[in-house]
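Here the working numbering = 1-based position in the sequence shown + 29.
Each residue gets a CB set at the ideal place from its N, CA and C atoms; glycine is no exception.
Scroll down for the structure; my scribbles are underneath it.
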Amino acid sequence: MSDSNDLCALLPHAAPMCLLDTLVSWDPESLVCTAVSHGDPHHPLRRNGRLAAVHAIEYACQATALHAALAARAAPDTAQRSLLAAVKEITLSQDYLDQIEAPLRISVWRELALGPSAIYRFLVEGGGLPVAGGRLTVVGGLGGCDQN
30 MSDSNDLCAL
40 LPHAAPMCLL
50 DTLVSWDPES
60 LVCTAVSHGD
70 PHHPLRRNGR
80 LAAVHAIEYA
90 CQATALHAAL
100 AARAAPDTAQ
110 RSLLAAVKEI
120 TLSQDYLDQI
130 EAPLRISVWR
140 ELALGPSAIY
150 RFLVEGGGLP
160 VAGGRLTVVG
170 GLGGCDQN
């Protein structure tokens, strides 16, 4: 998986809301990817010309969806539609994502899996510095064959 088109094919979003660019690594418990879309002046989440750091949560959500989709490829009988149920323990270390010149590095770790539901911890970094972190709860088993 070398580019954003490959990643977007696994996510429930189409351009321009597919925010991830490159898969760095993944295993059954974690995933690391990068994104440069935060620097796009036409980013769909920008308001008044700025991209607030709280939108790092959307990058993390897409990374968890990508992790789940890749895991479902490895075990196709586990693919189920999932939705974000909770966002907790959020820390924001920056005010705006658009002030970060370096690519964002998004890391997610699955802390707990209960059937199709999971709790992930995430960290979004820019230029080696933390931007946002927290926990995401994803509830699955909602029917259909979409992972996300």
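Per DSSP, the beta-bridge partners of Gly155 are Leu133 and Leu158. With fewer than three CB-CB distances shorter than 8 Å, the segment 64–74 does not count as touching the segment 110–117.
Distance between Gly156 and Val168, taken at the CA atoms: about 32 Å. In the DSSP annotation of this structure, the continuous segment of the alpha helix (DSSP H) that includes Glu87 starts and ends at Ala85 to Ala103.
Beta-bridge analysis with DSSP links Gly68 to no other residue.
Ranked by Cα distance from Arg139, the options Leu158, Glu87, Pro132 and Tyr149 are led by Tyr149. By the criterion of a C-beta distance shorter than 8 Å, Ala43 is surrounded in its chain by Cys37, once the five residues flanking it on both sides are discounted. Bounds of any beta strand (DSSP E) do not take in Leu49, whose DSSP letter is neither H nor E.
When Leu165, Val65 and Asp127 are compared, the shortest CA-CA separation from Asn77 is found for Asp127. The three-state reading of DSSP puts Leu141 in strand, counting E and B together. Per DSSP, Ala115 is one residue of the beta strand (DSSP E) stretching across Leu112 to Leu121. For Leu60, DSSP records a beta bridge to Trp55 and Val137. Ala92 and Trp55 have their C-alpha atoms spaced approximately 10 Å apart. Closest option to Arg134, judged by alpha-carbon separation, among Leu141, Tyr88, Glu58 and Pro57: Tyr88.
In this structure, DSSP gives Ala147 an extended state, which the three-state scheme calls strand.
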